[in-house]
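Residue numbers for the sequence shown follow our numbering, so the first one is 234 and each next one is one higher.
Remarks on the structure that follows.
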Amino acid sequence: MTTDTTPAPADDNPALLVAAAVDRCLELASTWMAWDGRPITTDGANLWTPSKAVRRIQDHLVDHLAEVEALLAGAAPQPDLWHGRTVTLEADWARLTETDLAEARSRWTRLAQAYVNRYATVPDAWDVPRDPNWTLRAIAEHVAGVTWYAEQVGDLRFGDSARIR
Numbered sequence: 234m235t236t237d238t239t240p241a242p243a244d245d246n247p248a249l250l251v252a253a254a255v256d257r258c259l260e261l262a263s264t265w266m267a268w269d270g271r272p273i274t275t276d277g278a279n280l281w282t283p284s285k286a287v288r289r290i291q292d293h294l295v296d297h298l299a300e301v302e303a304l305l306a307g308a309a310p311q312p313d314l315w316h317g318r319t320v321t322l323e324a325d326w327a328r329l330t331e332t333d334l335a336e337a338r339s340r341w342t343r344l345a346q347a348y349v350n351r352y353a354t355v356p357d358a359w360d361v362p363r364d365p366n367w368t369l370r371a372i373a374e375h376v377a378g379v380t381w382y383a384e385q386v387g388d389l390r391f392g393d394s395a396r397i398r
């Protein structure tokens, strides 16, 4: 499993960073069934649950893939209107089951593969300036930071979910 999220060399598909980030998210998520139901607080204000992290990872992957597709089509990307991490939805309190994890694994790996495949079709476009938007390479490097959401919940193998970080 690759978890290195440093920028890819100029000749490597930058979306491989997204695939590596998804691998890391799945590694952590595989421990989240041990969550004890108590919220995890980070940065003094952000409240996290495994289901909230799953939602945010999916939102991030979808948002930026839609952005890439819009930019490649010459269209303006739609602004995201998610509330993001500032809200905790009722559904975020649900426990994460084996089936939920399997669903996330299917979604995230398919989305990561969509990034890799899409970027592979347009290598000459990776570094084209797209002001005021980022380059495709910069978008992939940003999306690879999706691991931040998973790290907010962390590794729960040892039942240590009620902690403040």
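Idealized CB from N, CA, C, for every residue including glycine.
Bear in mind that the values here come from a model prediction, so they are computed numbers and not experimental data.
Residue i classed as buried or exposed, judged by whether at least 16 other C-beta atoms fall within 10 angstroms
| i | result |
| --- | --- |
| MET234 | For MET234, the pLDDT reaches just 42, beneath the cut-off of 50, and the residue's location in the model is therefore unreliable, leaving the point undetermined. |
| LEU249 | buried |
| GLY270 | exposed |
| TRP326 | exposed |
| VAL301 | buried |
| GLY387 | buried |
| GLN311 | exposed |
| SER284 | buried |
Spatial distance of residue i from residue j (CA atoms)
| i | j | result |
| --- | --- | --- |
| LEU304 | TRP315 | 20 Å |
| THR274 | ASP357 | 43 Å |
| THR330 | ALA286 | 14 Å |
| ASN350 | ARG343 | 10 Å |
| ALA254 | GLN346 | 12 Å |
| ALA324 | THR282 | 10 Å |
Cutoff 6 Å; reference residue i; Cβ partners in own chain excluding five residues on either side
| i | result |
| --- | --- |
| VAL376 | VAL251, HIS297 |
| ASP292 | TRP315 |
Same chain only: Cβ atoms within 7 Å of residue i, ignoring 5 sequence neighbours per side
| i | result |
| --- | --- |
| CYS258 | ILE290, TRP341, VAL379, THR380, ALA383 |
Identified DSSP bridge partners for residue i
| i | result |
| --- | --- |
| THR275 | ASN279 |
| ARG363 | ASN366 |
- Query: How do the segment 330-340 and the segment 255-271 stand: do at least 3 beta-carbon pairs fall below 8 Å, yes or no?
  - Reply: yes
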